[in-house]
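First the structure, in the form of structure tokens, and then the observations on it.
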Amino acid sequence: MPMSDHPQRLDLDQYLPYLINRVGSVMALRFGEDVLAPVGLSIAMWRVLVALSSTGEQRHTDLADLTSIEVSTLSRIVTRLVRMGLVARAPSKTSGREVVVALSARGRDLVNRLIPFGLQYETIASSGLSEQEVATLRGLLRRIYANLVEAEPLVMEPAGKAPARVSARAPLGLPER
């Protein structure tokens, strides 16, 4: 798309990235302040705990993909969760060189205690929507996520040129196709 001499304006009320981020931010803030902070957790820690609760033990790289947290950041989060007694690291049963992360009994108890509060926030967020609308919204969000994961990134060209497509996905932490 060629650049114009006339600046374009985004209508934030119609701009999907803005709307999605805004919803996610307020949900994370409210849930984080009301539920997680009193038990010493951050949203990122919660994502790790819930992912492990849902899927079982995971390698760091798989857990990073599942939680959308960079591996180096995830490693620090896991170390903190280990110190809190909520997760444990262990050698992989399939590869002696790999380490897996798993919920401890204490971690599982905490997740089970907090899940009802997470579900309450989902209910609050979706109030006024029918079950069908909520199901449709979930499907649309999954599709948007898949579209973004599969899309080739755009790279900004020097002033006056339209963004160009590139094939390098690794710098963005996206899987190679």
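Heads up: the sequence shown begins at -1 in the working numbering, then just goes up one per residue.
Just so it is clear, CB atoms sit at the ideal spot from N, CA and C, and this is done for glycine as well.
Since the model is a prediction, treat every value here as computed from it, not as a measurement.
Practice item. Name the residue from A123, V97, F29, S128 whose alpha carbon lies nearest to the alpha carbon of D60. Key: V97
Practice item. Would you kindly report the start and end of the unbroken alpha helix (DSSP H) that includes E146? Key: Before going on, a small fix: residue 146 reads as Leu here, not Glu. Looking at the DSSP string, the run of the alpha helix (DSSP H) that includes L146 is 129 to 148.
Point to revise | Span of the beta strand (DSSP E) around R87 | key: 85 to 89
Practice item. Could you pull the start and end residues of the alpha helix (DSSP H) that V99 belongs to? Key: No alpha helix (DSSP H) contains V99, which is instead part of the beta strand (DSSP E) from 97 to 101.
Check your understanding: Under 8 Å, do V109 and V37 count as touching if we go by C-beta distance?
Key -> no
Check your understanding: So, do the segment 73 to 86 and the segment 98 to 105 have three or more beta carbon pairs nearer to each other than 8 Å?
Key -> yes
Review point. Any idea which residues DSSP pairs R57 with across the strands?
Key: V98
Practice item. Please classify R7: does DSSP put it in a helix, a strand, or coil? Key: coil
Practice item. Measure the C-alpha to C-alpha separation of L112 and P15 and round it to an integer number of angstroms. Key: 28 Å
Exercise for review: Classify V76 as buried or exposed, calling it buried when 16 or more other Cβ atoms lie within 10 Å of its own Cβ.
Suggested key: buried
Check your understanding: Relative to the C-alpha of V21, which residue among V132, D9, A123 is closest?
Key -> A123
Check your understanding: So, helix, strand or coil for R167, using DSSP?
Key -> Annotation note: pLDDT 46 at R167 (below 50); position unreliable, no value reported.
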